[in-house]
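To start, the structure itself, in structure tokens.
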Amino acid sequence: MPEVRNKSVLRLTGAVVLLALLVPAAGTASEADGARPVAMRKPAREGMAPWRSPHRVTGAAAYPQKGDTAHSTREVTCPWDTSPAIPAKEVTPLPGGKANWVVSVGYMDLASRNDHRNWVRLGYYVFRTNGTVTSSHWTWHQRDQPTRVAAMTADCGGDVPTCAVRTVDGFAGDPPGCLQGNFGYTDDGRLAVTWAKDATGTPLAQPLTEYWNLRTGLVGGRAARITSPTYYGAYGNDVEIPAPGTFSSYTANFGIGYGSNASLEGTSRATMNQLVTDPRYNAQPYRGAFVVAKASSADPDTRTGIVGREGSGGAWLFGAASNPWRLCAGSPCMGWLQRDTSCAGTDKDRVRYIGELGGGRRNTEEYWCRYLAQGQPCYRYNSHPRPMLQVIDDHGDFQGWVDVEAFTHVRTRTGLPDGNWASGYWGIFDTVSAALQPKSAG
Numbered sequence: 150m151p152e153v154r155n156k157s158v159l160r161l162t163g164a165v166v167l168l169a170l171l172v173p174a175a176g177t178a179s180e181a182d183g184a185r186p187v188a189m190r191k192p193a194r195e196g197m198a199p200w201r202s203p204h205r206v207t208g209a210a211a212y213p214q215k216g217d218t219a220h221s222t223r224e225v226t227c228p229w230d231t232s233p234a235i236p237a238k239e240v241t242p243l244p245g246g247k248a249n250w251v252v253s254v255g256y257m258d259l260a261s262r263n264d265h266r267n268w269v270r271l272g273y274y275v276f277r278t279n280g281t282v283t284s285s286h287w288t289w290h291q292r293d294q295p296t297r298v299a300a301m302t303a304d305c306g307g308d309v310p311t312c313a314v315r316t317v318d319g320f321a322g323d324p325p326g327c328l329q330g331n332f333g334y335t336d337d338g339r340l341a342v343t344w345a346k347d348a349t350g351t352p353l354a355q356p357l358t359e360y361w362n363l364r365t366g367l368v369g370g371r372a373a374r375i376t377s378p379t380y381y382g383a384y385g386n387d388v389e390i391p392a393p394g395t396f397s398s399y400t401a402n403f404g405i406g407y408g409s410n411a412s413l414e415g416t417s418r419a420t421m422n423q424l425v426t427d428p429r430y431n432a433q434p435y436r437g438a439f440v441v442a443k444a445s446s447a448d449p450d451t452r453t454g455i456v457g458r459e460g461s462g463g464a465w466l467f468g469a470a471s472n473p474w475r476l477c478a479g480s481p482c483m484g485w486l487q488r489d490t491s492c493a494g495t496d497k498d499r500v501r502y503i504g505e506l507g508g509g510r511r512n513t514e515e516y517w518c519r520y521l522a523q524g525q526p527c528y529r530y531n532s533h534p535r536p537m538l539q540v541i542d543d544h545g546d547f548q549g550w551v552d553v554e555a556f557t558h559v560r561t562r563t564g565l566p567d568g569n570w571a572s573g574y575w576g577i578f579d580t581v582s583a584a585l586q587p588k589s590a591g
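Okay, so the sequence shown: first residue is 150 according to our numbering, each after it adds one.
See below:
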């Protein structure tokens with residue numbers, strides 16, 4: 150294990166991790182398995198009502214309107230460290246000089262090794278110069294089969310269908326997960342984050358350590374980036390999956406995050422109106438890397454569960470003169486009918502929505518191929534739901550998102566999860582400005 154140059158960082162003792170942490174059994178809940186914050190739940194099956202998150206927003210709050218102030222703008226819910234000021238000689242440098250981070254972490258592996266037990270986690274890391282760090286986050290596990298839930302109605306007009314914008318169940322509520330720990334740096338310059346306690350301050354059964362590659366000085370010093378060792382690389386289906394212990398002491402094996410000193414309050418978030426109309430944001434494409442556990446092919450007889458790397462975002466612009474995104478009239482969202490895509494069938498158009506949720510930096514994306522609706526205005530089944538957190542730099546400028554996808558396959562007769570694990574998409578990604586995109590892989 151690498152030596153960490155901060156004595157306040159807790160070091161693991163004994164074996165790197167128990168086998169149960171590396172490959173959790175079906176129905177097993179543990180902090181190592183994505184730091185699960187709530188009691189274990191059984192997946193919804195055909196003929197059963199889908200699981201409902203205790204943090205789910207229901208009723209009118211599930212469809213926030215413009216000007217809605219019912220949600221707090223603050224959602225970094227972990228306890229704050231109230232330790233007294235420390236002597237300057239004991240100060241731990243913040244990673245890249247940045248305190249507030251948006252981070253996407255996950256465990257994606259070959260189905261032959263993990264039997265479709267992938268998970269993703271999206272949240273905030275907050276670092277302090279006394280060497281402490283907290284994380285507030287949402288976590289989803291493939292075997293829980295999280296469902297899609299309506300978050301708002303996209304009434305964008307034009308050629309954009311008026312439909313519910315759906316997100317992954319639980320994301321409409323405040324982050325239910327919390328971890329507390331310490332950080333330091335290895336001799337080779339990596340950021341070492343060790344999670345040692347839960348939200349109540351109770352020590353974890355075994356500390357959880359992550360080793361991040363750190364890139365500083367982005368956007369003229371206004372942002373920094375952390376990545377797992379093989380997050381970036383060539384697109385394709387032969388992604389190098391880090392060996393256990395390379396990136397973390399638990400099951401997490403891929404991650405991406407961006408940090409700055411901008412507030413994590415909801416007031417720091419760029420609005421949908423700004424993304425469509427502000428020339429700082431509407432005239433540039435946002436792209437990134439998407440590491441995803443998925444099927445190797447569409448053929449049910451030959452496909453296997455693999456881990457691939459795809460591009461995220463695209464060459465499109467929010468404010469394109471010929472086909473711009475359209476703002477919703479009654480909800481904080483925008484929609485777009487993307488023409489001539491890779492969708493199958495004779496109708497190649499794709500429907501896309503992005504909306505604001507709750508407080509903090511939250512956005513959510515949903516997209517689906519229009520031919521799937523079979524002549525109906527909306528498609529309600531196997532769309533791609535993507536929780537997102539905005540990347541904001543030190544100057545308060547929007548630079549893109551970190552995102553996760555938690556795609557549960559459902560039966561189109563009932564809308565209930567059908568246990569078709571191979572048809573899922575479970576992954577993490579970034580979709581960022583050219584200023585944040587790496588000039589080379591790594």
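Each residue gets a CB set at the ideal place from its N, CA and C atoms; glycine is no exception.
Quick check on the burial criterion: 16 or more other C-beta atoms within 10 angstroms. Buried or exposed for proline 242? Exposed, because fewer than 16 other Cβ atoms sit within 10 Å of the Cβ of proline 242.
DSSP three-state call for threonine 207: helix, strand or coil? With a pLDDT of only 28 at threonine 207, under the threshold of 50, the placement of this residue in the model should not be trusted, and no figure is reported.
Could you work out which residue in Thr302, Arg560, Cys327, Ala299 is closest to asparagine 531 when comparing CA atoms only? Per the Cα distances, Arg560.
When you compare only the Cα positions, how much space is there between phenylalanine 332 and threonine 451? Approximately 45 Å between the Cα atoms of the pair.
Assign lysine 191 to one of three DSSP states: helix, strand, or coil. Residue confidence for lysine 191 is low, a pLDDT of 36 falling below 50, so the modelled location carries little weight; the figure read from the coordinates is stated next. Three-state result, lysine 191: coil.
What is the DSSP secondary structure of asparagine 512, counted as helix, strand or coil? Strand at asparagine 512.
On the DSSP bridge list, what partners appear for histidine 544? Assignment of beta-bridge partners to histidine 544 by DSSP yields no partner.
Do three or more CB pairs link the region 299-316 to the region 469-489 at distances below 8 Å? Contact holds between the region 299-316 and the region 469-489, because three or more Cβ pairs, one in each stretch, are under 8 Å apart.
Status (buried if at least 16 other CB within 10 Å, exposed otherwise) for tryptophan 575: By the 10 Å Cβ count, tryptophan 575 comes out buried.
Could you compute how far the alpha carbon of cysteine 527 sits from the alpha carbon of cysteine 312? Here the C-alpha atom of cysteine 527 lies approximately 6 Å from the C-alpha atom of cysteine 312.
Whole-angstrom distance between histidine 533 and tyrosine 516, CA atom to CA atom: One alpha carbon belongs to tyrosine 516, the other to histidine 533, and they sit about 5 Å apart.
DSSP three-state label for aspartate 318, please. Aspartate 318 falls in the coil class under three-state DSSP.
Distance, isoleucine 375 Cα to methionine 537 Cα: If you take the alpha carbons of methionine 537 and isoleucine 375, they lie about 17 Å apart.
When DSSP builds the beta bridges, which residues end up paired with histidine 533? Histidine 533 pairs with Tyr516.
Whole runs of the beta strand (DSSP E) within the region 445-478, excluding any shorter than 3 residues: You should have 454-462.
Tell me, to the nearest whole angstrom, how far the beta carbon of alanine 444 is from that of glycine 454; I am working on the premise that it is less than 8 Å. About 6 Å; that satisfies the 8 Å criterion.
Look up lysine 443 in the DSSP assignment and give the residues it is bridged to. Checking the DSSP bridge columns, you'll see lysine 443 partnered with Ile455.
Nonlocal neighbours in the same chain, by C-beta distance under 6 Å from alanine 583, ignoring five residues either side: Nothing meets the Cβ criterion.
Please identify the residue among Ser398, Asp347, Asp318, Asp567 whose C-alpha is closest to the C-alpha of alanine 341. Taking only the C-alpha atoms, the option nearest alanine 341 is Ser398.
Any chance the region 537-553 sits against the region 562-573, with 3 or more Cβ pairs inside 8 Å? No, the region 537-553 does not touch the region 562-573.
Assuming arginine 270 contacts valine 298 under a Cβ cut-off of 8 Å, what Cβ separation, rounded to an integer in Å, is found between them? About 19 Å separates the two Cβ atoms, so there is no contact after all.
Return the chain-ordered list of same chain residues with a C-beta closer than 8 Å to the C-beta of glycine 385, the five sequence neighbours on each side being excluded. The beta carbon of glycine 385 lies closer than 8 Å to those of Gly457, Arg458 in the same chain, with the five residues before and after it left out.
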